[in-house]
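One structure is given below, encoded as C-alpha coordinates.
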Amino acid sequence: MAPGSPAASFTAQLIRCPASTVLLRVSGESMQGAGISHGDLLIVDRGLEARAGQVVVAWLEGGFTLKRLVRHRGRWRLEAAHPAYPPLELAPSGRPHIWGVALHVIRTHGA
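Here you go:
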(Lines of atoms letter the chains of each structure in order from A and count residues from 1; the text may use other names and numbers.)
(Lines give C-alpha, C1' and ligand atoms only; values in the text may rest on other atoms or scores of the structure.)
Protein backbone atom coordinates (compact mmCIF):
# COMPACT_ATOMS: atom_id res chain seq x y z
CA MET A 1 0.00 0.00 0.00
CA ALA A 2 1.43 3.35 -0.99
CA PRO A 3 1.48 6.01 1.73
CA GLY A 4 -0.16 9.37 1.27
CA SER A 5 -3.53 8.38 -0.20
CA PRO A 6 -5.94 11.29 0.08
CA ALA A 7 -8.47 10.93 2.89
CA ALA A 8 -11.23 12.13 0.58
CA SER A 9 -10.87 9.12 -1.70
CA PHE A 10 -10.81 6.78 1.30
CA THR A 11 -14.02 8.32 2.61
CA ALA A 12 -15.64 8.10 -0.82
CA GLN A 13 -14.87 4.37 -0.97
CA LEU A 14 -16.46 3.70 2.43
CA ILE A 15 -19.41 6.09 2.35
CA ARG A 16 -21.64 5.84 -0.71
CA CYS A 17 -24.29 8.29 0.46
CA PRO A 18 -23.27 10.63 3.30
CA ALA A 19 -26.87 11.75 3.92
CA SER A 20 -28.00 8.23 4.89
CA THR A 21 -24.80 6.88 6.46
CA VAL A 22 -24.17 6.58 10.19
CA LEU A 23 -21.49 5.07 12.43
CA LEU A 24 -22.63 2.70 15.16
CA ARG A 25 -20.62 1.11 17.96
CA VAL A 26 -21.18 -2.66 18.32
CA SER A 27 -22.27 -3.97 21.70
CA GLY A 28 -22.15 -7.73 22.22
CA GLU A 29 -20.59 -10.78 20.58
CA SER A 30 -23.47 -12.22 18.52
CA MET A 31 -21.79 -11.41 15.18
CA GLN A 32 -18.27 -12.46 16.12
CA GLY A 33 -18.28 -15.28 13.53
CA ALA A 34 -18.85 -12.65 10.82
CA GLY A 35 -15.79 -10.70 11.95
CA ILE A 36 -17.80 -8.12 13.91
CA SER A 37 -16.73 -7.80 17.55
CA HIS A 38 -17.80 -5.89 20.64
CA GLY A 39 -16.52 -2.31 20.40
CA ASP A 40 -16.14 -2.25 16.61
CA LEU A 41 -17.54 0.65 14.62
CA LEU A 42 -19.94 -0.13 11.80
CA ILE A 43 -20.58 2.01 8.77
CA VAL A 44 -24.33 1.61 8.23
CA ASP A 45 -26.32 2.91 5.27
CA ARG A 46 -29.94 3.63 6.20
CA GLY A 47 -30.95 4.29 2.60
CA LEU A 48 -30.31 0.82 1.19
CA GLU A 49 -32.97 -1.83 0.83
CA ALA A 50 -31.77 -4.92 2.67
CA ARG A 51 -31.42 -8.19 0.80
CA ALA A 52 -31.24 -11.72 2.13
CA GLY A 53 -27.75 -12.55 3.33
CA GLN A 54 -26.79 -9.02 4.34
CA VAL A 55 -25.85 -7.99 7.87
CA VAL A 56 -28.47 -5.52 9.04
CA VAL A 57 -29.38 -3.34 11.98
CA ALA A 58 -33.00 -4.18 12.77
CA TRP A 59 -35.52 -2.76 15.21
CA LEU A 60 -37.18 -5.71 16.85
CA GLU A 61 -39.24 -5.93 20.04
CA GLY A 62 -38.30 -2.50 21.30
CA GLY A 63 -34.57 -2.57 20.62
CA PHE A 64 -31.88 -2.65 17.99
CA THR A 65 -30.14 -5.85 16.99
CA LEU A 66 -27.34 -6.63 14.55
CA LYS A 67 -27.90 -9.87 12.64
CA ARG A 68 -27.82 -11.43 9.18
CA LEU A 69 -31.16 -11.23 7.33
CA VAL A 70 -32.06 -14.71 6.05
CA ARG A 71 -34.99 -16.19 4.15
CA HIS A 72 -35.48 -19.71 5.56
CA ARG A 73 -38.28 -22.02 4.42
CA GLY A 74 -40.31 -19.11 3.13
CA ARG A 75 -39.95 -17.05 6.31
CA TRP A 76 -37.70 -14.19 7.33
CA ARG A 77 -35.38 -14.58 10.26
CA LEU A 78 -32.41 -12.86 11.78
CA GLU A 79 -29.36 -15.03 12.39
CA ALA A 80 -26.40 -14.40 14.66
CA ALA A 81 -22.90 -15.45 13.69
CA HIS A 82 -22.23 -17.08 17.05
CA PRO A 83 -23.49 -20.51 18.16
CA ALA A 84 -24.66 -19.22 21.55
CA TYR A 85 -27.36 -17.08 19.91
CA PRO A 86 -30.31 -18.86 18.28
CA PRO A 87 -32.00 -17.40 15.18
CA LEU A 88 -34.80 -14.90 15.76
CA GLU A 89 -37.75 -16.41 13.92
CA LEU A 90 -40.33 -13.99 12.59
CA ALA A 91 -44.03 -14.50 11.95
CA PRO A 92 -44.84 -15.87 8.46
CA SER A 93 -45.96 -12.45 7.31
CA GLY A 94 -43.41 -10.65 9.43
CA ARG A 95 -40.28 -8.88 8.37
CA PRO A 96 -38.34 -6.85 10.90
CA HIS A 97 -38.05 -3.11 10.54
CA ILE A 98 -34.64 -2.86 8.89
CA TRP A 99 -32.99 0.28 10.19
CA GLY A 100 -29.91 0.00 7.99
CA VAL A 101 -27.46 -2.25 6.17
CA ALA A 102 -23.97 -2.73 7.63
CA LEU A 103 -21.39 -2.06 4.93
CA HIS A 104 -18.02 -1.86 6.68
CA VAL A 105 -16.40 -2.66 10.04
CA ILE A 106 -13.77 -0.43 11.61
CA ARG A 107 -11.63 -1.93 14.36
CA THR A 108 -8.92 -0.24 16.39
CA HIS A 109 -5.78 -2.32 16.88
CA GLY A 110 -3.82 -1.38 19.96
CA ALA A 111 -4.38 2.00 21.52
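Residue numbering for the sequence shown follows my numbering, beginning at 1121 and increasing consecutively. Glycine included, every Cβ here is placed at the ideal spot set by N, Cα and C. Predicted, not measured: the structure shown is a model, and the values here were computed from it.
{"Query": "Is the segment 1171-1188 touching the segment 1148-1155, taking contact as three or more C-beta pairs under 8 angstroms?", "Result": "yes"}
{"Query": "To the nearest angstrom, report how far apart Val1164 and Ser1157 are at their CA atoms.", "Result": "15 angstroms"}
{"Query": "Thinking Leu1143 and Leu1168 are a contact (beta carbons under 8 angstroms), I'd like their distance in whole angstroms, please.", "Result": "Contact doesn't hold; Cβ gap of about 16 angstroms is too wide."}
{"Query": "If Val1190 and Glu1181 are in contact, beta carbons under 8 angstroms, what's the gap, nearest whole angstrom?", "Result": "Contact flag wrong, Cβ pair sits at about 18 angstroms."}
{"Query": "Among His1229, Arg1171, Gly1159 and Pro1203, which has the Cα closest to the Cα of Trp1196?", "Result": "Arg1171"}
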